[in-house]
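J.: Heads up, the sequence shown is in numbering that gives the first Met the number 0, so the first residue is 0 and it goes up one at a time.
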Amino acid sequence: MDAKKAKDVASKGKDEASMSEDDAHQDNEDVGSSMSENEEEKEFSTNQMVPAYMNAILRRQFLQEMVKSLPPKLQDRITVLKNIQLDHLKLEAQFFEEVYQLEKKYQEKYQVLFEKRRAIVTGEVDPPKEEPKWKVEPEEENMEDMPDFSKLLKKVKDIPQDTKGIPNFWLTIFRNTDILSEMVQEHDEPVLQKLTDITIKYDDEHSYTLEFHFDKNEYFTNEVLTKQYFLKSALDEDYPFGFEGPEIYKCKGCTINWEKKMNLTVRTIRKKQKHKQRAAVRTIVKLVPNDSFFNFFNPPEVSDDKEELDEDSQSILATDFEIGHFLRARIIPKAVLYYTGDVIDDEDDDDDSFDGEEEEDEESGDEKENPRGGGHKNKKLAQPNECQNQ
C-alpha cells in the first residue's frame with residue numbers, strides 16, 4: 000500500500016471513529032434525557048399522591064377514605080378528638096359573642112372621638128394648633144426619583160387659606176382606596192362632596208348599621224343614608240366544623256328620595272322606532288340602570304333560601320359584605336390615616352416588588368387556584384369574620 004492510500008485509509012478510519020464517538024455521545028444524551036423525563040414523571044406522580052397537591056374536593060374525599068381505612072380503635076379516637084374540637088368551637092362562639100358586646104360597648108366611647116373629628120372636618124370647630132403626640136419621621140432626603148405631582152396637587156394648593164374644615168374629606172378617602180374608588184363614578188363626586196360623616200351603630204340583634212350623613216344637596220332629600228349588615232355567629236347545625244367566627248350573611252339598604260331627574264343610579268336612553276308598514280317614526284324613552292356609588296344602598300335581597308340567588312347576585316353580595324366590613328373595621332376608625340397615606344392599600348405594591356421573569360416562570364406550568372381574596376380584583380380585604388381590631 001503506497002503512502003497516499005495509507006493516508007486515505009487512516010483518515011477514513013479516524014472519521015469513522017469520530018462518528019462512532021458522536022453517536023455514542025448522542026445515545027448517552029438520549030438515555031440521560033429519557034431518565035430525566037422519567038424522573039420528572041415519577042416526581043409528578045408522587046406529588047399527585049400527596050394530599051396537599053390534590054384539589055380541595057379530591058383531598059377531602061381522600062382524607063375521609065383514609066380515616067375510614069384506619070383500624071376501628073383509631074377511628075374511635077378520632078371521633079373523641081372531633082368531639083373535643085366541637086367543644087372548642089362552642090367556646091369560640093362564646094368568645095366572639097363577648098367580642099361583639101365589647102365592640103358595641105367601646106363604639107360608644109369611640110363615638111365621642113369621632114364626633115370631635117366630625118366637628119373639625121365640617122368646620123364647625125376650628126381647633127387650636129397642637130404639636131404632634133407621636134414621633135414624626137424625618138423627610139426622605141433622596142427625592143430624585145419622586146414623580147412630578149404638580150398637576151395633581153394644583154387643586155390642593157389652590158385651596159384658600161381661610162377655608163373652613165377639611166373639604167372633600169370623605170371623598171378624598173374614597174379616592175385613596177382602590178376598592179372604594181372603583182365604586183365612585185365621576186357623576187357621584189358632587190354628591191359625595193356633601194358627605195360630612197360616616198358612623199356606626201351596633202344593634203342588639205347581632206347587626207350593625209353604617210350611617211352616611213350628608214349636607215343639604217340638590218340630589219336627594221335624605222339627611223342620612225343607611226346600610227345594615229346582619230351577622231351570624233352560631234355554629235351551623237349541619238356542618239359545625241366550618242365555623243371560623245362571625246360572618247355577614249345579609250344586608251339591607253335604604254330608600255333614597257331622589258329629586259326629580261337627579262337619580263344617579265339610572266340613566267335615560269332614547270330609541271327611535273320605525274313602524275313596519277308605515278313610515279312613521281316614534282321615539283321611545285327608557286330608564287336603564289347606571290353605574291353609581293349609590294347602588295351600594297340597593298343590594299340584592301337575600302331570602303332564607305340562598306340557592307335562589309344567581310351567580311352575579313352572589314358575587315355582588317360577597318363584594319358588598321367585604322366593603323361593609325372594610326368600612327366598619329378600617330375606614331371609619333382610621334379615616335384620617337387613609338386621608339394622609341399613613342395607611343394605604345399596599346397589596347399591589349407587594350406584588351410589583353417581585354421580579355417579573357421569576358413570576359412568569361412560576362406561572363408557566365399548570366394553572367393554580369387563586370387564593371381567596373374577595374370579590375373585587377382579588378383584593379385581599381379584611382375578611383368579614385375577623386375581629387375588628389385584628
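Ideal placement from N, C-alpha and C gives every residue a C-beta, glycine not left out.
Please read all numbers here as calculations on a predicted model, not as lab measurements.
Specify, as a first and last residue, the run of the alpha helix (DSSP H) that Y337 falls within.
T.: First-last of the alpha helix (DSSP H) with Y337: 334 to 339.
J.: Give the secondary structure of Y218 by DSSP, where H, G and I count as helix, E and B as strand, and everything else as coil.
T.: Coil.
J.: Is the distance from the Cβ of G241 to the Cβ of D235 below 8 Å?
T.: Yes, they are a contact pair.
J.: K273 to V265, Cα distance in whole Å?
T.: Approximately 26 Å between the Cα atoms of the pair.
J.: With DSSP collapsed to three states, give me the class of D235.
T.: Coil.
J.: Measuring CA to CA, which of A92, W133, G164, Q93 is closest to D125?
T.: It is G164.
J.: Return the bridge partner residues of C250 from the DSSP annotation.
T.: C250 is bridged to Y228.
J.: The beta strand (DSSP E) spanning L209 covers which residue range?
T.: Where L209 is concerned, the enclosing beta strand (DSSP E) stretches over 206 to 213.
J.: Please report the distance separating the alpha-carbon of H205 from that of D86.
T.: Looking at the two C-alpha atoms, the distance is approximately 22 Å.
J.: Select from F320, R117, A317 the residue whose C-alpha is nearest the C-alpha of N167.
T.: Among F320, R117, A317, the Cα nearest to that of N167 belongs to R117.
J.: If contacts are defined as beta-carbon pairs under 8 Å, then N221 and N256 qualify, I think. What distance do you get, rounded to the angstrom?
T.: Yes, they are in contact, since the Cβ atoms of N221 and N256 sit about 6 Å apart, within 8 Å.
J.: Here's a check: name, in chain order, each residue in its chain whose Cβ is nearer than 7 Å to the Cβ of K193, leaving out the five neighbours to either side.
T.: Closer than 7 Å at Cβ, skipping near neighbours: F213, D214, N216.
J.: What residue ranges within the segment 257 to 303 form continuous beta strand (DSSP E) runs of no fewer than 3 residues, ordered along the chain?
T.: The qualifying runs are 265 to 273, 280 to 288.
J.: CB-CB under 6 Å to D365, same chain, minus the five flanking residues each way: which ones, in chain order?
T.: Only weak support exists for where D365 lies, its pLDDT of 42 falling under 50; the coordinates are left without a value.
J.: Hey, I331 and I119: beta-carbon distance below 8 Å or not?
T.: Cβ distance not < 8 Å, so I331 and I119 don't count as in contact.
J.: Sort S291, I268, Q60, E310 by Cα distance to E181 and report the nearest one.
T.: Residue S291 is the option with its Cα nearest to E181.
J.: Looking at C-alpha atoms only, which residue of A334, D344, N54, I343 is the closest neighbour of L112?
T.: Considering only alpha carbons, the answer is A334.
J.: So, under 8 Å CB-CB, D344 and D177 are touching, yes? Tell me the CB distance rounded to an integer number of Å.
T.: The Cβ separation is near 5 Å, so the contact holds.
J.: In chain order, which continuous runs of the alpha helix (DSSP H) of length 4 or greater are located wholly inside the segment 55 to 142?
T.: Correct list: 55 to 67, 71 to 121.
J.: At what residues does the beta strand (DSSP E) containing I199 begin and finish?
T.: First-last of the beta strand (DSSP E) with I199: 194 to 202.
J.: Output yes or no for whether 8 Å exceeds the beta carbon distance between E96 and S232.
T.: The answer is yes: Cβ separation under 8 Å.
J.: Leaving out five residues before and five after V280 in sequence, what residues of the same chain have Cβ atoms less than 6 Å from its Cβ?
T.: Same-chain partners within the cutoff: K271, K273.
J.: Checking 8 Å against the spacing of the C-beta atoms, do P298 and G340 come in under that value?
T.: Contact: no.
J.: Which stretch, first to last residue, makes up the alpha helix (DSSP H) that contains V183?
T.: Premise fails: V183 is in no alpha helix (DSSP H) and is neither H nor E.
J.: P159 lies in the alpha helix (DSSP H); which residues open and close that run?
T.: Per DSSP, P159 belongs to no alpha helix (DSSP H) and is neither H nor E.
J.: Alpha carbons only, please: which of L152, D203, K275 is nearest the one belonging to L101?
T.: Among L152, D203, K275, the Cα nearest to that of L101 is on D203.
J.: Assuming contact is defined by CB atoms lying nearer than 8 Å, are V218 and E185 in contact in what I supplied?
T.: The question names Val, but residue 218 in the sequence shown is Tyr. Contact flag unset, no.
J.: Can you give me the C-alpha to C-alpha distance between Q63 and R174, rounded to a whole angstrom?
T.: Roughly 48 Å between the two C-alpha positions.
J.: In angstroms with no decimal places, state the Cα-to-Cα distance between K275 and I283.
T.: Cα to Cα, the separation comes out at about 16 Å.
J.: Look at the alpha carbon of S395 and the alpha carbon of I158, and state the distance between them as a whole number of angstroms.
T.: There is no way to answer for residue 395, as the model of the chain reaches only from 0 to 389.
J.: When DSSP builds the beta bridges, which residues end up paired with V223?
T.: Beta-bridge pairing links V223 to H212.
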